[in-house]
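Participant: Dropping the structure in here first, questions after.
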Amino acid sequence: MDFVFDKLGFFAAGPYLGVFFFFLLGDAGVPLPVSGSFLLMYSGYLVREGKLHLAFLMLAATIGVLVGAVVLYFVAKRGGAPLLARYGARIGLGQQRRQRVEGWVNGHGFLPVALGRMLPGVHTHTAAISGLFKVPFKPFVTGIIVADILYVSAYLFLGAAMTETIGRFAGDYLRWVMLAPLAVGVSSWFIISRVRRFRAARMKAG
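Just so we're aligned: 95 in our numbering is position 85 of the sequence shown, and the numbers increase by one with no gaps anywhere.
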């Protein structure tokens, strides 16, 4: 199995479980060092190379996206909606405007959610926006599923069209990007521990 999926982080538990948790975290709003679209394209390349199974990969990514989006939806609905009601007028979202937005979104079923999920830059934020504006749960989930089946499929097939050279470059890029946070963390821990020891030694000497 490819180094990126076999050695790094939660991918060590298995590539499909790794993909599931990657998208769960990303769509729940946790910042990640690699975009989901890039990971999907590289995964599509590995499918073409016979290293991953397409059906299992699509299932893992789609379920991970759905679970992460649902988590972010409820966090925004329960925590963000009261804040929006209290401070929304300060950012141009007074009660009347919020009601108009909620009416438009809720009046078009799952389509606004599906369209938002397919727009670059709005993809992850759609779940939070849906929670803030109280989109009913059923059309929200329907929109997420419809959009993300298309989203996952499109990037997997784009990745499958990669040449071998581009695929190897993508693998190298992922390897270094995913190793970078680990290297920063270890370096930071080392520096902080040395500083603490130095301060402790000075206090004892003084």
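We treat Cβ as the ideally placed atom computed from N, Cα and C, and that holds for glycine.
Beta carbon of Y83, beta carbon of G169: below 9 Å?
Facilitator: No. Outside cutoff.
Participant: Spatial neighbours of A38 within its chain, please: C-beta separation below 7 Å, excluding the five flanking residues on both sides.
Facilitator: Same-chain partners within the cutoff: G78, V81 and L82.
Participant: Between the beta-carbon of A86 and the beta-carbon of A124, is there less than 9 Å?
Facilitator: No, Cβ-Cβ distance for A86 and A124 is not below 9 Å.
Participant: Anyone know if the C-beta pair for G74 and F120 falls short of 9 Å?
Facilitator: Against a cut-off of 9 Å, the Cβ pair of F120 and G74 comes out as no contact.
Participant: Taking the C-alpha atoms as reference points, what is the distance between L69 and L34?
Facilitator: If you take the alpha carbons of L69 and L34, they lie about 13 Å apart.
Participant: Which one of S53, L27, P122 and E59 has the shortest CA to CA distance from F150?
Facilitator: Of the candidates S53, L27, P122 and E59, the one whose C-alpha sits nearest the C-alpha of F150 is P122.
Participant: Looking at C-alpha atoms only, which residue of G60, K61, G36 and L67 is the closest neighbour of Y165?
Facilitator: Ranking the options by Cα distance to Y165, first place goes to L67.
Participant: Give the range of the alpha helix (DSSP H) segment to which H135 is assigned.
Facilitator: Run containing H135: H135 to L142, per the alpha helix (DSSP H) assignment.
Participant: Between the Cα of V57 and those of V40, P41, P25 and G46, spot the shortest distance and give me the residue it belongs to.
Facilitator: Per the Cα distances, P25.
Participant: With a CB to CB cut of under 6 Å and the five nearest residues on each side skipped, what residues in its chain are close to L27?
Facilitator: Around L27: no qualifying Cβ.
Participant: In terms of residue numbering, what span does the alpha helix (DSSP H) encompassing K148 cover?
Facilitator: K148 -> alpha helix (DSSP H) spans F147 to A170.
Participant: Use the C-beta contact count for A65: other C-beta atoms within 10 angstroms, 16 or more gives buried, fewer gives exposed.
Facilitator: So A65 ends up on the exposed side.
Participant: G141 and V132: beta carbons closer than 9 Å?
Facilitator: For G141 and V132, no; Cβs fall outside 9 Å.
Participant: So what's F66 in DSSP terms, helix, strand or just coil?
Facilitator: If DSSP states are grouped into helix, strand and coil, F66 belongs with the helices.
Participant: Below 8 Å on the Cβ atoms is my contact criterion, and I expect L76 with I155 to pass it. Report the Cβ-Cβ distance as a whole number of Å.
Facilitator: Right, the Cβ-Cβ distance comes to about 6 Å (below 8 Å), so this counts as a contact.
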